Each structure stands twice: as C-alpha cells, then as structure tokens.
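These notes are about the structure you will find just below.
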Amino acid sequence: MKQLITLCALLAGIISLAAADLKTRNVFLISTDGLRWQEVFSGAEEALLDKANGGVANPATTRAKFWRNTPEERRRALLPFFWSEIASRGQLFGNQTRGSIAQLANDKKFSYPGYSEFLTGVADPSLNSNDKIPNPNTNVFEWLNLQPRFAGRVAAAVNWDVVPWILNVERSHLAVWSGFSLPSGAPVLFTPSAEQLQWINDTPALWDNMLFDAVTFRVARDYIQTKQPRAFYLSFSEIDEWAHEGRYDLMLAAAHYQDDFIRRLWETVQSMPAYRNQTTFIITTDHGRGDAPKAWRSHGASVQGAENIWIGVLGPDTPPLGERTNCAKVTLSQVAATVAAFLGENFPAAMPQAAPPLPDVLPRTSN
0 MKQLITLCAL
10 LAGIISLAAA
20 DLKTRNVFLI
30 STDGLRWQEV
40 FSGAEEALLD
50 KANGGVANPA
60 TTRAKFWRNT
70 PEERRRALLP
80 FFWSEIASRG
90 QLFGNQTRGS
100 IAQLANDKKF
110 SYPGYSEFLT
120 GVADPSLNSN
130 DKIPNPNTNV
140 FEWLNLQPRF
150 AGRVAAAVNW
160 DVVPWILNVE
170 RSHLAVWSGF
180 SLPSGAPVLF
190 TPSAEQLQWI
200 NDTPALWDNM
210 LFDAVTFRVA
220 RDYIQTKQPR
230 AFYLSFSEID
240 EWAHEGRYDL
250 MLAAAHYQDD
260 FIRRLWETVQ
270 SMPAYRNQTT
280 FIITTDHGRG
290 DAPKAWRSHG
300 ASVQGAENIW
310 IGVLGPDTPP
320 LGERTNCAKV
330 TLSQVAATVA
340 AFLGENFPAA
350 MPQAAPPLPD
360 VLPRTSN
C-alpha cells in the first residue's frame, strides 16, 4: 500500500509538472458538422460547381468567389484563416493526398456517434441513432468540470438540438446553450439581455433543430467575453444541412464564414489578458462525406469515404508543423484526451477506454 501511495504521489507530481510547463491555460474545442477533408485541403471541387451535381444557383458567381487554378489557391480562398494562421502556426491533419490519414474510429459515420467520439474519446458501437438519448459515456468537459481548478469554468454553445443529450447535461450539469429546449436539470448557460433576445428572435430559422451559425457564434463570443471559461466547446452545423439539401454553393458559403467566425474568436481571445498567448484551439468535424458527383450530399455506414475527417490545432504549445504529411494515422477519438492534455490533465488515466492524445501537438516533455 505504501508503494502504491508513493507511486500515485509521483504520478501526480509528473502531471502537475506537465501542467506547469505548458503555456496553455484554456482550451476551445470547435466542431464544424460535416465539412469534408476535400474542401479543407483542396478548396472547392470543380465537378460540383454547377446546377446538375452541386445544386449551385449561380455557378458563375460561385466560381468567381471560390474557384482558383490550384488546390492551394482554392483552399486559401475558401478558408483563409485555416491557411494563413493555422497552417503557419499550428497543425492540420487529414490531407490523404499527402500521406496524412485522419479517420473516425466508429463505423457509423453519422453525427451522434461522431460527436460522442471526439467528446468522450470512445467509439461506442451502441450509439446507433441521432435520437435524444442521454450519452452513457463521460465526456471530457464533464470530467474537467469535476476537477477543482476547472469547476464552474466549463461551458458549451452548440448549434444542434441533440448535442445537449450527447453531452448528457442532465448528468454532467454542464452549462450548455443550444437555442432549444434542454434536458431537465440542465443549468442555464446565460440569461440573454433584451438586446440579445431581440437579435436571436429576429434571426429567421429555416430548420426545426438548428439555428444559423451566426447566432451560435455571437452567443459563444458574448459568453466568453463575460464569463471567461477555461474549457469551452463551440459547434457549428450549417455545412451539413446545406450539403444534405444538395446546395454546394451554400455549403461553401457556410464553410467560408465559419472560418471567419473562428478567426474573429481567435482575435477576441488574443485581445483579452486572460486568454492572450495561453489559449489553444482544437478544430474538427464529426464525420466526412461521400465523393462527387452525388455521394458528397450523404454520409453514413454505407457511404464510402465518410470515415475520413480532419483535425486542426492552434496554440502556444503546438509546434508549428503546418499541414502534416507522411505521418502516423490519427483518429477522431484522440481529440478528447488532447483537450485534457493541453490543460495538464490525463483523461485516459481516468477513462481507460479513451484514446490517447494526438501525437506531436504538445511539447514532448508534456506528453
């Protein structure tokens, strides 16, 4: 028993030392539902810039905005923040044409299992629908909120009405906002001011289970500026919806302004003393999609290629390796432990089924 206590004390000291060595004190996880790796790394796909395959309302306008002669030019036109700031100062996994494989660990290839995978570190085969069922798995934000130094400093603003069930807020008591009714017992993320309520109510809703991403972004940024959480999860959803509706032009537009929302959020945190040069962003998606000319609209177990995803990391501790090439395969399940690791915490030690952190995104002395 004495030896066990000594070992535990030694391990605690190692974890504390790792936390002290890190510059990161805050982590933001951002997900963009259904954004394909093809668009992230190659920009707009020419075969889809028409009415027949891409449902594009005005092909000439869309081509002028997003089409360029090379993949490098196209991806910068579509995602300028990704390919200026993240590619130069962070890391991007998932360009299969350059030997970087990023994939789901689950075989379902749709949203609930995907969100659960990156939030809990586990590919749970029992999760087989998008129904509002409380997630049996413990997510990393719930676990962080139980740690004394993060308690009450963990929150989420999400744009899909099912996500609070994936986070199991009834059990976890995480502060979550979705713009829709929450499970019973869920804490309120914030009480909107009269002005905030006005612009939320004035924003039209096209879908019965999600809002425009602009609304979620503004709620998230307001909360961050006023409450200054240490760990925060933000989800965007429009890309997946436009793709399912066969509107490639609107899907590209959604990706473009999500990139700008992420830029504005990054600039916001860099302007705040509590966050400047001590905040890491981890950005990913819940699943991929099929290929052009038709399967790009879909995902699911039968859709070839929908298992392929991408992951981006930007922060003061991440070596600036940029676009990863010829590297070891990574999985979406590694995101949860990576969130915790940047905060000096060992999620897989508490949740042995969780995958380990992503390789090479933290200083080696802190792994």
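Anchor point for the sequence shown: position 348 equals 347 in numbering that gives the first Met the number 0, and the numbering is continuous, going up by one each time. Beta carbons are placed, not taken as given, at the ideal position from N, Cα and C, and that holds for glycine. These numbers come from a predicted model, not from an experiment.
- Task: Classify Asn200 as buried or exposed, calling it buried when 16 or more other Cβ atoms lie within 10 Å of its own Cβ.
- Result: In the sequence shown, the residue the question calls residue 200 occupies position 201. Residue burial is scored here from C-beta neighbours: Asn200 has fewer than 16 other C-beta atoms within 10 angstroms and is therefore classed as exposed.
- Alpha carbon to alpha carbon, how far is Met209 from Gly178? Give it in angstroms, no decimals. Along the sequence shown, one-based indexing puts residue 178 at 179. Along the sequence shown, one-based indexing puts residue 209 at 210. Looking at the two C-alpha atoms, the distance is approximately 8 Å.
- Task: May I ask you to verify whether the stretch 170-188 touches the stretch 255-272, counting CB pairs closer than 8 Å and requiring at least 3?
- Result: Touching, no.
- How is Trp198 classed by DSSP in three states: helix, strand or coil? The residue you call residue 198 lines up with position 199 of the sequence shown. Trp198 falls in the helix class under three-state DSSP.
- Local Cβ density within 10 Å of Arg323, reported as buried at 16 or more and exposed below that: Counting from one through the sequence shown, the residue named residue 323 turns up at place 324. The residue is buried, with at least 16 neighbouring Cβ atoms inside 10 Å.
- Item | Residues bridged to Asn307 (per DSSP) | On the sequence shown, residue 307 is found 308 positions in, with the first residue counted as 1. DSSP output for Asn307 lists Gln102 as bridge partner(s).
- Task: Would you grab the beta carbon distance between Ala294 and Val302 for me? Rounded to a whole angstrom, and I think it's under 8 Å.
- Result: By one-based count along the sequence shown, residue 294 stands at place 295. By one-based count along the sequence shown, residue 302 stands at place 303. Contact holds; Cβ gap of about 6 Å.
- Task: Pair every Cβ in the stretch 238-247 with every Cβ in the stretch 48-65, then say whether three or more of these pairs are closer than 8 Å.
- Result: yes
- Three-way DSSP call (helix, strand, coil) for Trp295 in this model: As a working mapping, residue 295 is identified with position 296 in the sequence shown. In the structure shown, Trp295 sits in a helix (DSSP, three-state: H, G or I).
- Message: Measuring straight from C-alpha to C-alpha, what distance separates Ile238 and Ala300?
- Response: To locate residue 238, count along the sequence shown from 1; it is residue 239. To locate residue 300, count along the sequence shown from 1; it is residue 301. For Ile238 and Ala300, the distance between alpha carbons rounds to 20 Å.
- Query: DSSP on Gln90, reduced to helix/strand/coil?
  - Reply: Counting from 1 along the sequence shown, the entry for residue 90 is found at position 91. Gln90: strand per DSSP, three-state reduction.
- Task: Would you mind giving the Cβ-Cβ distance between Asn129 and Val161, rounded to the nearest angstrom? I have them listed as a contact below 8 Å.
- Result: Here residue 129 corresponds to residue number 130 of the sequence shown, with the count starting at 1. Here residue 161 corresponds to residue number 162 of the sequence shown, with the count starting at 1. Contact between Asn129 and Val161 is confirmed by a C-beta separation of about 6 Å, below the 8 Å threshold.
- Message: Taking 7 Å as the limit between beta carbons, can you name the residues of its chain near Phe216, skipping five residues before and five after?
- Response: For the purposes of this step, residue 216 is identified with residue 217 of the sequence shown, where counting begins at 1. Setting aside the 5 residues that flank it on each side, Phe216 is surrounded in the same chain by Phe260, each with a C-beta closer than 7 Å to its C-beta; the list follows chain order.
- First and last residue of the uninterrupted beta strand (DSSP E) at Ile282: The residue given as residue 282 occupies position 283 in the sequence shown. Here the beta strand (DSSP E) through Ile282 covers Thr278 to Thr283.
- Query: Is Tyr274 helix, strand or coil by DSSP?
  - Reply: As a working note, residue 274 is residue 275 in the sequence shown. In this structure, Tyr274 counts as coil in the three-state DSSP scheme.
- Task: State buried or exposed for Thr119, treating a residue as buried only when at least 16 other CB atoms are found within 10 Å of its CB.
- Result: Here residue 119 is taken as the residue at index 120 of the sequence shown, counted from 1. Answer is buried; the Cβ neighbour count reaches 16.
- Own chain partners of Ala254 with C-beta closer than 8 Å, once the 5 adjacent residues on each side are dropped: The residue labelled residue 254 in the question sits at position 255 within the sequence shown. Answer for Ala254: Thr31, Leu34, Glu38, Leu77, Leu78 and Ile238, listed in chain order.
- Query: Rounded to the nearest angstrom, how far is the Cβ of Asn52 from that of Ala43, given a contact under 8 Å?
  - Reply: In the sequence shown, counting from the first residue as 1, residue 52 sits at position 53. In the sequence shown, counting from the first residue as 1, residue 43 sits at position 44. 12 Å between Cβ atoms; not a contact.
- Query: Gly184: buried (16+ other C-beta within 10 angstroms of its C-beta) or exposed?
  - Reply: Walking along the sequence shown from the start, residue 184 turns up at place 185. Per the 10 Å Cβ criterion, exposed.
- Task: Per DSSP, which residues does Val187 bridge with? Please list them.
- Result: The residue you call residue 187 lines up with position 188 of the sequence shown. According to DSSP, which records beta bridges pairwise, Val187 is partnered with Val175.
- Give the DSSP bridge partners of Thr31, in chain order. Counting from one through the sequence shown, the residue named residue 31 turns up at place 32. Here Thr31 is bridged, per DSSP, to Phe235.
- Task: Confirm, please, whether the CB-CB distance from Ala86 to Asn105 is below 7 Å.
- Result: Here residue 105 corresponds to residue number 106 of the sequence shown, with the count starting at 1. Here residue 86 corresponds to residue number 87 of the sequence shown, with the count starting at 1. Contact: no.
- Query: Taking the continuous beta strand (DSSP E) assigned at Val153, which residues delimit it?
  - Reply: Counting from 1 along the sequence shown, the entry for residue 153 is found at position 154. Element bounds for Val153: Val153 to Ala156.
- Task: Please find out if some non-hydrogen atom of the ligand SAH comes closer than 6 Å to the beta-carbon of Gly321.
- Result: This structure simply doesn't include the ligand SAH, nor any ligand for that matter.
- Task: Could you spell out where the alpha helix (DSSP H) holding His255 opens and where it closes?
- Result: Locating residue 255 in the sequence shown gives position 256, counting from the first residue. Note, His255: alpha helix (DSSP H), Tyr247 to Gln269.
- Message: Going by DSSP in three states, Ala242 sits in which element: helix, strand or coil?
- Response: Locating residue 242 in the sequence shown gives position 243, counting from the first residue. Of the three classes helix, strand and coil, the one that applies to Ala242 here is helix, per DSSP.
- Message: When you compare the CB positions of Lys131 and Trp176, do they come within less than 7 Å of one another, or not?
- Response: Position 132 of the sequence shown, counting from 1, holds the residue named residue 131. Position 177 of the sequence shown, counting from 1, holds the residue named residue 176. For Lys131 and Trp176, no; Cβs fall outside 7 Å.
- Item | Delimiting residues of the alpha helix (DSSP H) encompassing Lys50 | Residue 50 sits at position 51 when you count from the first residue of the sequence shown. Boundaries of the alpha helix (DSSP H) around Lys50: Lys50 to Gly53.
- Task: Can you tell me which of the three DSSP states Ala43 falls into?
- Result: As a working mapping, residue 43 is identified with position 44 in the sequence shown. Three-state DSSP puts Ala43 in coil, outside helix and strand.
- Query: Among the residues of its own chain, which have a CB less than 6 Å from the CB of Ile100, if the five just before and after it don't count?
  - Reply: Locating residue 100 in the sequence shown gives position 101, where the first residue counts as 1. Closer than 6 Å at Cβ, skipping near neighbours: Lys328.
- Item | Cut-off 8 Å between Cβ atoms - residues of its own chain near Cys326, not counting five sequence neighbours on either side | As a first step, residue 326 is located in the sequence shown; it is residue number 327 there, counting from the start. Excluding sequence neighbours, Cys326 sits near Phe92, Gly98, Ser99, Pro358 and Asp359.
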